[in-house]
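What follows is a short report on a single structure.
Residue numbers (the working numbering): 1 to 286.
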């Protein structure tokens, strides 16, 4: 399939690489042109100088950019360039409202739009083992799913436009609570005079086990916070969650509090630390 990929950050660049490795004809665009040129040097594919150039004749365009405003600015540039009946797949984490607006805009132009945020972090993107949560038209999803399988291990249609973004919000709510629990557990471990490695070995085989525990407890204990998803991005996502909760009436007391605590981490200089840095509120990095 002729595919365009727009946004070559720590997630997008390896995702686009998996598309090229799977045999798709890939054109890439990045706001920083040097990243697109570097990608094209490392993979079969071409670097475009504008979003419209990247999308020219594409049957599927994947977006992996920063926020609602980025997507809202890109889609009108892409639509006129697409092949008839093409699909835009937006991997950006945005509001559900934005997804619905873009789906309507694409439909008017004779195209489809899937909101398809991902989970799995930089490591998942590099390994091609992301979870992809989709919202949109079932027929468009059926066309896109084999392409998304280039980098997704679990790909599910959750409902109509916006449903993928709402599911990603659920994901971030769950992560926020788990990471705060781990931060307090590690802090308690040290105050109790226990060895963090011994505690991990004991409790990670029982009901407390989680991906976050297996992968972030050891690095939290070592005071290393350069593993993927940054605090700035988590706060952006939690802002979307809390805005949606105002609309739907959900009570998110813990999520609101954890978001405020991430604000404290930003104040400690941790804006680009990964999300496990919540523990720095309780004890300084070692």
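Every residue, glycine too, gets a C-beta built ideally from N, C-alpha and C.
In this text the structure is predicted, and so the values were computed from the model without any measurement.
Should residue i be labelled buried (16 or more other beta-carbon atoms within 10 Å of its own) or exposed?
i: residue 188; result: exposed
i: residue 345; result: Lying outside 1 to 286, the shown extent of the chain, residue 345 is not represented and no answer is given.
i: residue 194; result: exposed
i: residue 182; result: buried
i: residue 26; result: buried
i: residue 246; result: exposed
i: residue 254; result: exposed
i: residue 36; result: buried
i: residue 204; result: exposed
Taking the straight line between their C-alpha atoms, what separation do you get for residue i and residue j?
i: residue 244; j: residue 186; result: 32 Å
i: residue 248; j: residue 163; result: 14 Å
i: residue 242; j: residue 256; result: 7 Å
i: residue 145; j: residue 131; result: 12 Å
i: residue 31; j: residue 239; result: 24 Å
i: residue 215; j: residue 267; result: 25 Å
i: residue 120; j: residue 230; result: 13 Å
i: residue 233; j: residue 89; result: 20 Å
i: residue 39; j: residue 192; result: 49 Å
What would DSSP say about residue i, mapped onto helix, strand or coil?
i: residue 276; result: helix
i: residue 50; result: coil
i: residue 87; result: strand
i: residue 112; result: strand
i: residue 141; result: helix
i: residue 118; result: strand
i: residue 2; result: strand
i: residue 12; result: helix
i: residue 239; result: helix
i: residue 230; result: strand
Return the first residue and the last residue of the beta strand (DSSP E) that residue i is part of.
i: residue 133; result: 130-135
i: residue 287; result: For the chain, the structure presents residues 1 to 286; residue 287 sits outside this window and is missing.
i: residue 62; result: 60-63
Let me check understanding here. Comparing Cα to Cα, which of the options lies closest to residue i?
i: residue 196; options: 221, 180, 69; result: 221
i: residue 153; options: 1, 270, 18; result: 18
i: residue 141; options: 219, 241, 114; result: 114
i: residue 3; options: 239, 81, 98; result: 81
i: residue 161; options: 182, 192, 95; result: 95
i: residue 44; options: 14, 202, 237; result: 14
i: residue 235; options: 175, 132, 47, 284; result: 175
i: residue 134; options: 117, 121, 124, 125; result: 117
Tell me which residue opens and which closes the alpha helix (DSSP H) that residue i is part of.
i: residue 151; result: Note, residue 151: premise wrong, no alpha helix (DSSP H); not H, not E.
i: residue 127; result: 121-127
i: residue 198; result: 196-203
i: residue 313; result: The structure shown does not extend to residue 313, since the chain spans only 1 to 286, so no value can be given for it.
i: residue 266; result: 253-267
i: residue 76; result: 68-78
Taking only heavy atoms of the ligand PLP into account, decide whether any of them is closer than 8 Å to the Cβ of residue i.
i: residue 200; result: With respect to small molecules bound, the structure shown includes none, and the ligand PLP cannot be examined in it.
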